[in-house]
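Engineer: The letter at position 136 of the sequence shown is residue 136 when you use full-length UniProt numbering, and the numbering goes up by one with no holes.
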Amino acid sequence: MNRKKRWIDSILVLVLLLGLFYSSSQPYENQDIRGNISQLIPDAESVGERLDGFSFTYGHSEVSVEEDGVAGYIEFFVRKGTHFCTFALLTLLFYRLLRNWYHPPVALPWSGLLAVLAAVLDEWHQTFTPHRTGIITDILLDSTGMFTMLLLILGWRTYRKNRTRTRFGRKQLRP
Numbered sequence: 001m002n003r004k005k006r007w008i009d010s011i012l013v014l015v016l017l018l019g020l021f022y023s024s025s026q027p028y029e030n031q032d033i034r035g036n037i038s039q040l041i042p043d044a045e046s047v048g049e050r051l052d053g054f055s056f057t058y059g060h061s062e063v064s065v066e067e068d069g070v071a072g073y074i075e076f077f078v079r080k081g082t083h084f085c086t087f088a089l090l091t092l093l094f095y096r097l098l099r100n101w102y103h104p105p106v107a108l109p110w111s112g113l114l115a116v117l118a119a120v121l122d123e124w125h126q127t128f129t130p131h132r133t134g135i136i137t138d139i140l141l142d143s144t145g146m147f148t149m150l151l152l153i154l155g156w157r158t159y160r161k162n163r164t165r166t167r168f169g170r171k172q173l174r175p
């Protein structure tokens, strides 16, 4: 069973890393989902009016409905949310893989480090792709996803460790 688990964990990490590599290889035009978003939002003008006052700077570029349109503005959050979730998932998968060989106090920080390394390499790889840029801000976003997952894993481990139930007036560790 343990050998099978190692293989499954290894394959999951490899599939996600290959997916990241493939995604980084694609020019923006191949990943543009603004048309799909426009079809899903029939009343874009109304949505645009509600979001009109919200703008911010991300990676030296302004992000706003005025600058990007409603579909572009929503696409920004979809793309960045995908970044966050992908690197959170990658951290979890690295942790599962490393837990096959190392204790959690070793596996946890190394899974985070490997996820950040993957984020750096992902952004670097994008610099070779037409119409794509690798920016440090995306590495910080990816690292936030990684850090969030590390906290969730740590919280889950703490919860499982301290979970007790009372039986006959005594606290017993739950199996």
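Each residue gets a CB set at the ideal place from its N, CA and C atoms; glycine is no exception.
Enumerate in chain order the residues of its own chain whose CB-to-CB distance from D32 is below 8 Å, with the five nearest sequence positions on each side excluded.
Structural biologist: Counted from its first residue, the sequence shown places residue 32 at position 32. Answer for D32: E75, listed in chain order.
Engineer: Quick one: any contact between the region 32-48 and the region 144-157, if contact means 3 or more CB pairs under 8 Å?
Structural biologist: No, the region 32-48 does not touch the region 144-157.
Engineer: So, using beta-carbon positions, are R96 and D9 closer together than 8 Å?
Structural biologist: Within the sequence shown, numbered from 1, the residue matching residue 96 stands at position 96. Within the sequence shown, numbered from 1, the residue matching residue 9 stands at position 9. Taking 8 Å as the Cβ cut-off, R96 and D9 qualify as a contacting pair.
Engineer: Which value, in whole angstroms, describes the spacing of the CA atoms of T57 and S64?
Structural biologist: Here residue 57 refers to the residue found at position 57 when the sequence shown is read from its first residue. Here residue 64 refers to the residue found at position 64 when the sequence shown is read from its first residue. Rounded to the nearest angstrom, the two C-alpha atoms are 9 Å apart.
Engineer: Quick check on the DSSP output: the alpha helix (DSSP H) that includes F56 runs from which residue to which?
Structural biologist: For the purposes of this step, residue 56 is identified with residue 56 of the sequence shown, where counting begins at 1. Counting along the chain, F56 falls outside any alpha helix (DSSP H), though it belongs to the beta strand (DSSP E) covering S55 to Y58.
Engineer: For a minimum of 3 consecutive residues, which ranges assigned as the beta strand (DSSP E) are wholly contained in the UniProt domain "VanZ-like" (11-154)?
Structural biologist: If we require 3 residues or more, the beta strand (DSSP E) runs fully inside the UniProt domain "VanZ-like" (11-154) come out as 55-58 and 61-64.
Engineer: Assign L117 to one of two classes, buried (16 or more other C-beta atoms within 10 Å of its C-beta) or exposed (fewer than that).
Structural biologist: Taking the first residue of the sequence shown as position 1, residue 117 is located at position 117. Counting Cβ neighbours within 10 Å, L117 comes out exposed, since fewer than 16 surround it.
Engineer: On the CB-based measure, 16 or more other CB atoms within 10 Å of its CB, does Y73 come out buried or exposed?
Structural biologist: Taking the first residue of the sequence shown as position 1, residue 73 is located at position 73. Y73 is buried by the Cβ-count criterion.
Engineer: What three-state label does DSSP hand R160 in the structure shown?
Structural biologist: Working through the sequence shown from its first residue, we reach residue 160 at position 160. Helix.
Engineer: Taking 8 Å as the threshold (C-beta atoms), are F87 and G145 in contact?
Structural biologist: Sequence index remark: in the sequence shown, residue 145 carries index 145 (1-based). Sequence index remark: in the sequence shown, residue 87 carries index 87 (1-based). Yes, Cβ-Cβ distance for G145 and F87 is below 8 Å.
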